[in-house]
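Trainee: Note that this note's numbering numbers the sequence shown so that position 260 is 260, with each residue one more than the last.
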Amino acid sequence: MLFPGGATYSGRRLAVAALLFLGTGALHAASTCIPAAPPATWPPLALRPVATGLEQPVFLTTAPGAADTLYVVEQQGTVRRIVRGVLDGTPWLDLRDRVSSGGEKGLLSLAFHPDFAVNGQLYVNYTGRAFGLYTFVSRFTVGDGGRPDPDGETKILKIKQPFGNHNGGQIAFGPDGYLYIGMGDGGWANDPFGHGQDPGTLLGALLRIDVNRAAPGRPYGIPPDNPFVTDKQARPEVWAYGLRNPWRFSFDRASGRLYLADVGQNDVEEIDRIEKGGNYGWNVMEGDRCFKRATCPKAGFQAPLHVYHHPTGFAVTGGYVYRGAGVPALCGVYLFADYVSRKIWGLRETPEGVTVKLLVTAPDNISSFGEDGRGGLYVLGHKSGTVWRLVAAEEP
1 MLFPGGATYS GRRLAVAALL FLGTGALHAA STCIPAAPPA TWPPLALRPV ATGLEQPVFL
61 TTAPGAADTL YVVEQQGTVR RIVRGVLDGT PWLDLRDRVS SGGEKGLLSL AFHPDFAVNG
121 QLYVNYTGRA FGLYTFVSRF TVGDGGRPDP DGETKILKIK QPFGNHNGGQ IAFGPDGYLY
181 IGMGDGGWAN DPFGHGQDPG TLLGALLRID VNRAAPGRPY GIPPDNPFVT DKQARPEVWA
241 YGLRNPWRFS FDRASGRLYL ADVGQNDVEE IDRIEKGGNY GWNVMEGDRC FKRATCPKAG
301 FQAPLHVYHH PTGFAVTGGY VYRGAGVPAL CGVYLFADYV SRKIWGLRET PEGVTVKLLV
361 TAPDNISSFG EDGRGGLYVL GHKSGTVWRL VAAEEP
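1. Taking only heavy atoms of the ligand NAD into account, decide whether any of them is closer than 6 Å to the Cβ of Ile344.
2. With three or more beta-carbon pairs closer than 8 Å as the criterion, would you say the stretch 218 to 225 touches the stretch 108 to 126?
3. Tell me whether Asn125 is buried or exposed, calling it buried when 16 or more other Cβ atoms sit within 10 Å of its Cβ.
4. Looking at the strands, I want to know which residues DSSP matches up with Asn279.
5. So the alpha helix (DSSP H) Asn119 belongs to, where does it begin and stop?
6. When burial is assigned at 16 or more other CB atoms within 10 Å of the CB, is Lys105 buried or exposed?
7. So, Ala51 versus Ile82, is the Cβ gap smaller than 7 Å?
8. Would you mind working out which of Gly381, Glu394, Arg389 and Ala393 sits nearest Glu55, comparing C-alpha positions?
9. I'd like to check one pair, Pro175 with Val238: are the Cβ atoms closer than 7 Å?
10. What's the C-alpha gap between Asp68 and Val86?
11. Just tell me which of Gly353, Tyr378, Gly281 and Val354 has its CA closest to the CA of Gly318.
12. On the CB-based measure, 16 or more other CB atoms within 10 Å of its CB, does Ile483 come out buried or exposed?
13. Less than 7 Å separating the beta-carbons of Asp185 and Arg273?
14. Report the residue from Leu93, Asn165, Ile156 and Pro57 whose alpha carbon sits nearest the alpha carbon of Arg208.
15. Determine the DSSP secondary structure at Leu330, reduced to helix, strand or coil.
16. Going by alpha carbons, who is nearest to Gly182 out of Glu74, Thr135, Met285 and Gly77?
17. May I have the straight-line CA-CA distance separating Asp144 from Ala337, to the nearest angstrom?
18. In terms of alpha-carbon separation, which member of Leu60, His166, Val73 and Asp115 lies closest to Thr141?
19. Whose CA, out of Ser250, Ile171, Tyr308 and Asn283, lies closest to the CA of Cys296?
20. What's the gap between the Cα of Pro162 and the Cα of Leu133?
21. Pull up the DSSP beta-bridge partners for Phe249, would you.
22. Determine the extent of the beta strand (DSSP E) in which Phe369 is found, giving its start and end residues.
23. Using beta-carbon positions only, say whether Gly373 and Gly324 come within less than 7 Å of one another.
24. When DSSP builds the beta bridges, which residues end up paired with Asp231?
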């Protein structure tokens, strides 16, 4: 069968096209708000329920070109769809037979390939067992039935985890088309193996790989401009390091800037703006403080964009720069939260510096934010299994 333009569509590609059409009724161009100047006031916000009945949701995203279908990752190992506000009772993808879940382990994120409409490819990050505990980054392809085949897994990356916590878990395609992978320091406490300050390991780092071009001996390539490609003491996959447990990162769809939330241990939660080759300090630094010592060398470390200290919160959850149309006064503001305190803040950057404002408190522990194809933002309640949309509060 031929579509306009002369492209020949296989059964699988027709299934993907139907999947995208189901989500939107038509393809929508992504909206991106760019404020002429930062608004003078902070908007009052509210959380509007979208769906409930999920099992420990930890991530939400949409496929390219399908803004109205939300894909929600459940920690136990399933991906569910919310189509026009209705939760599909059947998992879209079920990986429970290979996912090790509980605590900080599980199926942790999902990323659609930028050319998903053509190749049907998606990637997941999960913890699983194979004579030990590992982080797996794997590829699946949507088949003729409009769903990915669980048996069609291609493992792209396998990273040994010494402990069950600090797995990171976020994956996302950047504006450059490369896949970014957030990895924690391997767990327990204090970073006992010193992974954070060792670019020779894949732990405690943000990785960047090319999933479109395999290299000899591995199913992915190394982008030629990665910062450590010529350093024999470092892994070429490393884009930045010095991280403890990055829990969510995102790209600003307008500027391309990369924001990352790194969970602290004893005292400090931090938001970082990630730069190529940057060292973010762990385990010499915890946020803006020396870790377990009165003084420490600070030269060579990237300073956090923002920190907050315990007991304001105890586990930061990274979010997104708002680029939607529903709350104009929020345009250009980075949203983040704390899992324990359930507070959601806005961070605004200006030439004069950074300002942060508490915007709303959620009724549940916030495991993640999500972004749809139009820049709308969502909040995930980990214990209640609820998805909320972030909206402007109604005027009294």
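Where is the CB? At the ideal position from N, CA and C, for every residue including glycine.
Mentor: With the structure as the only source:
1. Here there are no bound small molecules, and the ligand NAD is not part of this structure.
2. In short, these stretches do not touch, since the Cβ pair count stays below three.
3. The residue in question, Asn125, is buried, as its Cβ has 16 or more Cβ neighbours within 10 Å.
4. DSSP output for Asn279 lists Tyr241 as bridge partner(s).
5. Taken as a continuous stretch (DSSP letters only), the alpha helix (DSSP H) holding Asn119 covers Phe116 to Asn119.
6. With 16 or more Cβ atoms within 10 Å of its Cβ, Lys105 is classed as buried.
7. For the 7 Å CB-CB criterion, Ala51 and Ile82 form a contact.
8. Nearest option by C-alpha distance: Gly381.
9. Inclusion of Val238 and Pro175 in the CB contact set at 7 Å is not warranted, their separation being larger than that value.
10. A direct Cα-to-Cα measurement between Asp68 and Val86 gives close to 11 Å.
11. Sorting Gly353, Tyr378, Gly281 and Val354 by C-alpha distance to the C-alpha of Gly318 places Tyr378 at the top.
12. The chain is shown only over 1 to 396; residue 483 falls outside these bounds and no answer can be derived.
13. In this structure, Arg273 does not lie closer than 7 Å to Asp185 by Cβ.
14. Checked all of Leu93, Asn165, Ile156 and Pro57; the closest Cα to Arg208 is Ile156.
15. DSSP places Leu330 in the helix class (H, G or I) of the three-state scheme.
16. Here the closest residue by C-alpha is Thr135.
17. Those two C-alpha atoms are separated by around 39 Å.
18. By alpha-carbon distance to Thr141, the top candidate from Leu60, His166, Val73 and Asp115 is Asp115.
19. Scanning Ser250, Ile171, Tyr308 and Asn283 for the CA closest to the CA of Cys296 turns up Asn283.
20. Looking at the two C-alpha atoms, the distance is approximately 7 Å.
21. DSSP lists Leu260 as the beta-bridge partner residues of Phe249.
22. Looking at the DSSP string, the run of the beta strand (DSSP E) that includes Phe369 is Ile366 to Glu371.
23. Between Gly373 and Gly324, the C-beta gap is not smaller than 7 Å, which leaves the two residues out of contact.
24. DSSP lists no partner for Asp231.
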